[in-house]
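Report on the structure given below.
Numbering (my numbering), first residue to last: 19 to 607.
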């Protein structure tokens, strides 16, 4: 069979059932093999970067998923670099397959011939241009091994067109995936970590995205319940423990954090970090974050330990392997009556959770964004899969929305590229077509890759997209306050074709409808909940993306700190009465 056909057969035997991409001359032999072989559903994107983000969303939705994105030579590969960067930053395995000029002319500046493997190497676990057709099966086999082993991440395979077309000997019936390697903690390591934990008075667990990648959230909750230790999920780990669980202490950080989460962390004296990378917007200034605390760090990547600061003890281990032992040791100690009583410490964390609230209930017109998230809490239940990337919309959403399950907050954390949300949401909805998928964007993120809405219309991929529109680059405008400028961040203009919008510029409703989707515009707070309910019905009926655009006040400063977690500027009024924050997890006391 051709090497291209062998590649497709390997995809199927490695568990791939969906791919996202854009065909072109240099990758057409692969597409011919994809059609002839069957078994892999392909979604045609409108932009190759969009295809890479669809693959990311697909991977992030279910344990074991690996999204695949496909493009032709030259600009297709360079367009997907952002998706590869996003994936490696968040430890997400995706496979990027590109076409390439014939091997004999790659070095001769042939049309759309670029050394994509060299370009992609810094943002992948491996990037290879395959020059010998007989190596194609081995390169694909190794790709899946690398994506799944150790810290997960993306791989790029570049296939010259003549390599794709060359016939090779390959027997798909006897193909076997390579064993996956993941480091595992030892009993002695975990016993030492638990001894250190037991010696503390006010311990916390910081639960990172590595726990979700390892499908170990249940073990994390079991360990927390056995020991009575409150849990701080990171942004990438949000959902490892339900927001309404008594041991969920809230998120910590400069931006995507809770008042009560930061306050509890500052009271702690011991931190067990599992599957997290001490991201700077979680820690802020390290002297404030680390002062007076003992740290144990468990991570699948050995070189991650000590990268940001030196912990008091480090364990290189897959989160599931480590947590299995942590649970085992904790059960033994509890049976022997040797676990400290953490009830008072956990109760103090719950007290802060019931006290330190931000206000969400405002009746202003134009809308204040806080009210949008309050109504989202009412409209969308615990099964909702939220998808978002960056901006004041994402920061405020993380402060005010609620997540109850792993893989139900799907956020591009490290790279934060504008435009990620729409294609990622399409990937999530493809992976879980019966789920309630709700995307959240500001107007600029929405405009970056809005052409991908047509993919949802063409392929009948329904989801609800909440678009908060202040006609501003809100996060950059807020950051520019430090420079005493408000420069090149204003998106307002009077749209000649939609004068009813005033200065809000782009008519997102018309654009969405022109791309085959449904859209609703909301200008008053009491319209929000009915609009969300209608959007869910429209998505179910027409099986297309449905946009709910909320017209916001032009300027809202969202709570954040520019330096450390002890000095977050709240900007807006805080909740002092229960009705100020009616959808908080614990009512204001």
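Where is the CB? At the ideal position from N, CA and C, for every residue including glycine.
query = According to DSSP, is residue 86 helix, strand or coil?
reply = strand
ask   = Beta carbon of residue 416, beta carbon of residue 336: below 8 Å?
value = no
Residue 474 to residue 498 span [Cα, whole Å] = 36 Å
key: Pairwise C-alpha distance: residue 197 and residue 606   = 51 Å
query = Beta-carbon separation of residue 99 and residue 45 under 8 Å?
reply = no
query = Roughly how many whole angstroms lie between the Cα atoms of residue 373 and residue 209?
reply = 36 Å
query = Over what stretch of residues does the alpha helix (DSSP H) that includes residue 317 continue unbroken?
reply = Careful: residue 317 lies outside any alpha helix (DSSP H), inside the beta strand (DSSP E) at 312-317.
request  = Check whether the region 311-330 touches the region 239-258, counting contact only when three or more Cβ pairs, one atom from each stretch, lie closer than 8 Å.
outcome  = no
key: Delimiting residues of the alpha helix (DSSP H) encompassing residue 236   = 235-245
request  = Using three-state DSSP, classify residue 331 as helix, strand or coil.
outcome  = strand
query = Does DSSP classify residue 42 as helix, strand or coil?
reply = coil
query = From residue 214 to residue 385, what does the alpha carbon distance come to, in whole angstroms?
reply = 49 Å
message = Taking a contact to mean a Cβ-Cβ separation below 8 Å, would you say residue 565 touches residue 477 in this structure?
response = no
task = Given a cut-off of 8 Å, decide if residue 73 and residue 106 are closer than it, judged by their beta-carbon atoms.
result = no
query = For residue 308, which of 295, 535, 157, 328 has the nearest alpha-carbon?
reply = 328
message = If distances are taken between C-alpha atoms only, which option among 31, 20, 61 comes closest to residue 471?
response = 61
task = Pick helix, strand or coil for residue 483, following the three-state DSSP scheme.
result = strand
query = Apart from the five residues just before and just after residue 366, which ones in its own chain have a Cβ nearer than 8 Å to its Cβ?
reply = 282, 285
ask   = Is residue 352 near residue 244, with beta carbons less than 8 Å apart?
value = yes
task = Determine, using beta carbons only, whether residue 454 and residue 554 come nearer to each other than 8 Å.
result = yes
ask   = Got a sec, what are the start and stop residues for the beta strand (DSSP E) residue 427 sits in?
value = 427-429
ask   = Taking the beta strand (DSSP E) that residue 536 falls in, what are its first and last residues?
value = 536-540
ask   = What whole-angstrom Cβ distance do residue 378 and residue 388 have, given they're in contact under 8 Å?
value = 4 Å
inquiry  = Are the CB atoms of residue 437 and residue 492 within a distance shorter than 8 Å?
reply    = no
inquiry  = What does the Cβ neighbour count give for residue 399, buried or exposed, with the cut at 16 atoms within 10 Å?
reply    = exposed
task = Report the partner residues of residue 176 according to the DSSP bridge assignment.
result = 116, 147
query = Could you give the residue range of the beta strand (DSSP E) that holds residue 225?
reply = 221-225
ask   = What does residue 290 pair with, by DSSP beta-bridge criteria?
value = 223, 314
ask   = How do the region 147-163 and the region 185-205 stand: do at least 3 beta-carbon pairs fall below 8 Å, yes or no?
value = yes
Three CB pairs or more closer than 8 Å across the region 556-576 and the region 339-347 = no
ask   = Where does residue 511 fall in DSSP's three states?
value = strand
message = I believe residue 179 touches residue 47 by the beta-carbon criterion, under 8 Å. Please report the beta-carbon distance rounded to the nearest angstrom.
response = 6 Å
request  = Pull up the distance between the alpha-carbon of residue 334 and that of residue 297, whole angstroms please.
outcome  = 18 Å
request  = With a cut-off of 8 Å on the beta carbons, I'd call residue 79 and residue 450 a contact; round off their distance for me.
outcome  = 5 Å
Buried or exposed (CB count within 10 angstroms, at least 16 for buried), residue 272 = buried
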